[in-house]
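Notes follow once the structure below has been shown.
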Amino acid sequence: MSPIGRYTGEGLTKSRKLMVLACTCFFMGVLITVAEPDLSVLAGQISDVVNPTALIVTVGIGVGLFLVTAVVRIVTKTDLTSMLLFFYMLLFAFAALMIARGGQPYLPLAFDSGGVTTGPITVPFIMALGLGIAQTLGGRNAGQNSFGLIALCSAGPILAVLILSIASGGGAIDFPLPEYSVMKSIGPEFWALLGETSWDVAKSLLLMVMFFAGLQHFILHLPLQKLIQIGFGLVFAFAGLVVFLAAVTIGFMPVGYQIGYQMGTVSPRMLVLFAFIIGMVVVLAEPAVHVLNQQVEEVTNGAVTRRQMMVALSVGVGVSIGLSVLRLLKGFSLLYYLIPGYLLSLGLSFFVPKLYTAIAFDSGGVASGPLTSSFILPMVIGACVALRGPGSIMEYAFGVVAMVAMTPLITIQALGFRSVVSGFMREKSAVRRILSADDAQIIYFDSED
Amino acid sequence: MGKALLAKLKEALVSVLPVLVLVLTLSFTSLASMTAHERIVFSVCALFLVIGIGLFNLGAIWLCHRSEDIPVRV
Chain A
0 MSPIGRYTGE GLTKSRKLMV LACTCFFMGV LITVAEPDLS VLAGQISDVV NPTALIVTVG
60 IGVGLFLVTA VVRIVTKTDL TSMLLFFYML LFAFAALMIA RGGQPYLPLA FDSGGVTTGP
120 ITVPFIMALG LGIAQTLGGR NAGQNSFGLI ALCSAGPILA VLILSIASGG GAIDFPLPEY
180 SVMKSIGPEF WALLGETSWD VAKSLLLMVM FFAGLQHFIL HLPLQKLIQI GFGLVFAFAG
240 LVVFLAAVTI GFMPVGYQIG YQMGTVSPRM LVLFAFIIGM VVVLAEPAVH VLNQQVEEVT
300 NGAVTRRQMM VALSVGVGVS IGLSVLRLLK GFSLLYYLIP GYLLSLGLSF FVPKLYTAIA
360 FDSGGVASGP LTSSFILPMV IGACVALRGP GSIMEYAFGV VAMVAMTPLI TIQALGFRSV
420 VSGFMREKSA VRRILSADDA QIIYFDSED
Chain B
0 MGKALLAKLK EALVSVLPVL VLVLTLSFTS LASMTAHERI VFSVCALFLV IGIGLFNLGA
60 IWLCHRSEDI PVRV
């Protein structure tokens, strides 16, 4: 996926045809979304209200259009901050319209869908696509320009779901509670799950491989040795993802639900603390996080280290899950988090170096990976069932993915803000040192007219 | 290749271990009780999680870098 992305970006940019690049990216965005396994799960859950095919296609078109926008942005070198500002204002405007039409229960789901769409297959691919295009175009800000694609791609699904729920007229929706129990033995159930997972992963990888094969034939013409390397990478990535997803579904999903349910019954206050701590460690185990951190270190030449990224992500996700459980206890709208959260993260973007903003908005989609949706979400659902009953899952349990996707925007930009402030302080202390220096050291020249 | 895989597995182990320790510790308190069977399944799954993340990241290395700058050759 990644070199495929990188070579695609490079090859298409070299061809100097913006139209070809834009069209390819649009179809790429649609295909990636349709193939992402998480989205079909989400679509199935609300199939009573919204037609699943309509949802997937709408989100696919949303992602496709936003991917084109993001690529055109890199080519035309438009400022990312002003674009993010524009699109997030648009999102909140549509959210207001949706609530006015009685679609309040859809709000958490809509914002969750942004984090859900960017999974472990799409993230490395899209990031590499950006890097390929930006490096081929070159210029002073190539590193900075290579980020920001995931940020814009995450906005697409949110907008798509908001528009769909406005069109469908809202109304109450029930979330069908899945069967959360640990398997008794390795029986047919296990093999069925393994088969299903393999098919899901293979489907999304195959679409990308087919697409790349076409490009290779017509545009890229890479040597065999590179193709072999890509092949090996694909096999390992495929095997890794299948093992990962199967293990998460079998062991982590039921245990997450159980912990949430039991702690919600016994001690809801302790659950807030536990949610904070588990959030801090869970993000370390998201598969795409290492890919992001590596690329960040590479592109910034070590100015932002892996360790700093890890700490910023860890604190961000810990706080976001803690706050989500707190919202569940107190029972207020997700908007009370989203409005100040995005106000802060978009506001910070005016004060921090643009590179930090681009990385931060990309990290949102990366932090909310498969472990969030299959361990953290069931945990919050369990707590919700214990505290408020299964009827309010849509309103209070969902939204946790949106929170996980939002908080890194603040913490990573805070990292940038700190570097700006410390630079400012250094400068100030240097000036002070010069000013307070002994007068004897200063030589005065008398000017004679 | 074996060395690279080992390095990635170690990295993955460090990432997953905190979650495992936290959940298992919690399972022995009165806040959340788990049966022995559940503890074993969870631990085995955590082990597979390590293998999964390790393999995925190794694949991602080959996929992320162009052949001229990969640290390990196939």
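As you go down the protein sequences, you meet chains A and B in turn. When the count follows numbering that gives the first Met the number 0, it moves up by one through the first sequence with no breaks and lands on 448 for the last residue. When the count follows numbering that gives the first Met the number 0, it moves up by one through the second sequence with no breaks and lands on 73 for the last residue. Note that CB positions come from ideal geometry on N, CA and C, so glycine has one too. A quick note: this is a predicted structure, and the numbers were derived from the prediction, not measured.
Cβ separation of residue i and residue j, assumed to be a contact under 8 Å, to the nearest whole Å
i       : j       : result
L270(A) : M262(A) : 4 Å
G114(A) : A401(A) : 6 Å
A3(B)   : I52(B)  : With 8 Å as the limit, A3(B) and I52(B) do not qualify as a contact, their Cβ atoms being about 14 Å apart.
S153(A) : G364(A) : 5 Å
F350(A) : V419(A) : 7 Å
A366(A) : E285(A) : 7 Å
L451(A) : L386(A) : With chain A covering only 0 through 448, there is no way to say anything about residue 451(A).
V160(A) : S203(A) : Contact flag wrong, Cβ pair sits at about 20 Å.
S313(A) : V265(A) : Between V265(A) and S313(A) the Cβ distance is about 27 Å, and since that is not below 8 Å, they are no contact.
L345(A) : Y87(A)  : 6 Å
Short CB-CB distance (under 9 Å) between residue i and chain B
i       : result
K202(A) : no
I249(A) : yes
G8(A)   : no
L434(A) : no
H289(A) : yes
G208(A) : Here residue 208(A) is Val; the residue named in the question, Gly, does not match the sequence. Cβ-Cβ to chain B under 9 Å: no for V208(A).
P177(A) : no
F65(A)  : no
M393(A) : no
A212(A) : no
S153(A) : no
Q257(A) : yes
L89(A)  : no
G301(A) : no
P123(A) : yes
F243(A) : yes
P407(A) : no
A246(A) : yes
A236(A) : yes
Where the alpha helix (DSSP H) containing residue i begins and where it ends
i       : result
T57(A)  : P51 to T75
Y179(A) : Here Y179(A) belongs to no alpha helix (DSSP H), and DSSP marks it neither H nor E.
K2(B)   : G1 to S26
H289(A) : P286 to V298
R387(A) : L376 to R387
L148(A) : L148 to S167
M449(A) : With chain A running from 0 to 448 in the structure shown, residue 449(A) is simply not present.
R268(A) : P267 to V281
I120(A) : Element bounds for I120(A): n/a, residue is neither H nor E.
Q103(A) : It is not in any alpha helix (DSSP H) - Q103(A) carries neither H nor E in the DSSP assignment.
Q228(A) : L223 to A246
L337(A) : L334 to L347
S203(A) : P187 to L214
K427(A) : V399 to L434
Among the options, the one whose alpha carbon lies nearest that of residue i
i       : options                               : result
E37(B)  : G155(A), A311(A) and V254(A)          : V254(A)
I358(A) : A311(A), S319(A), P369(A) and E394(A) : A311(A)
L108(A) : Y395(A), K427(A), A69(A) and F423(A)  : Y395(A)
G102(A) : Q307(A), L163(A), L54(A) and G232(A)  : L163(A)
M207(A) : S435(A), A34(A) and K16(A)            : A34(A)
G315(A) : L291(A), A413(A), Q293(A) and T356(A) : A413(A)
N88(B)  : V160(A), S344(A) and V288(A)          : With chain B represented from 0 up to 73, any question about residue 88(B) goes unanswered, as that position is not in the structure.
G415(A) : L96(A), T7(A), L158(A) and A302(A)    : A302(A)
V368(A) : T356(A), S391(A), P389(A) and V247(A) : At residue 368(A) the sequence reads Gly, which differs from the Val that was named. It is V247(A).
L90(A)  : L106(A), T75(A), L79(A) and T116(A)   : L106(A)
V56(A)  : T80(A), V29(A) and M252(A)            : V29(A)
V181(A) : D445(A), Q215(A) and Y256(A)          : Y256(A)
Closer than 9 Å to chain A by CB, residue i
i      : result
I69(B) : Unreliable placement is indicated for I69(B), whose pLDDT of 36 sits below 50; the coordinate value is still reported in the next sentence. Cβ-Cβ to chain A under 9 Å: yes for I69(B).
L48(B) : yes
K2(B)  : no
L57(B) : yes
A45(B) : yes
R41(B) : Reading off the sequence shown, one finds Phe at residue 41(B), where the question assumed Arg. Yes, contact with chain A.
A6(B)  : no
V73(B) : With a pLDDT of 29 at V73(B), under the threshold of 50, the predicted position of this residue should be treated as unreliable, and no value is reported.
A31(B) : yes
V15(B) : yes
A11(B) : yes
S66(B) : Low local confidence applies: a pLDDT of 38 at S66(B) is under 50, so the model's placement there is unreliable, with the coordinate-based value given in what follows. Taking Cβ atoms only, chain A reaches closer than 9 Å to S66(B), which makes this a yes.
Proximity test, Cβ basis, 9 Å: residue i and chain D
i      : result
A59(B) : Structure shown: chain D not included; protein chains present are A and B.
At a cut of 8 Å, does the segment 336-352 of chain A reach the segment 364-382 of chain A through at least three beta carbon pairs? no
Three or more beta-carbon pairs under 8 Å between the segment 149-157 of chain A and the segment 122-137 of chain A, yes or no? yes
Flag this pair as touching only if the segment 11-27 of chain B and the segment 273-292 of chain A have three or more C-beta atom pairs under 8 Å; answer yes or no. yes
Is there contact between the segment 55-62 of chain A and the segment 129-136 of chain A, where contact requires at least three CB pairs shorter than 8 Å? no
Can you find at least 3 beta carbon pairs, one from the segment 315-330 of chain A and one from the segment 415-434 of chain A, that sit closer than 8 Å? no
Given 8 Å as the limit, is there contact between the segment 15-29 of chain A and the segment 65-84 of chain A, that is, 3 or more CB pairs closer than that? yes
Determine contact between the segment 230-241 of chain A and the segment 189-206 of chain A, defined as no fewer than three beta-carbon pairs at a distance below 8 Å. yes
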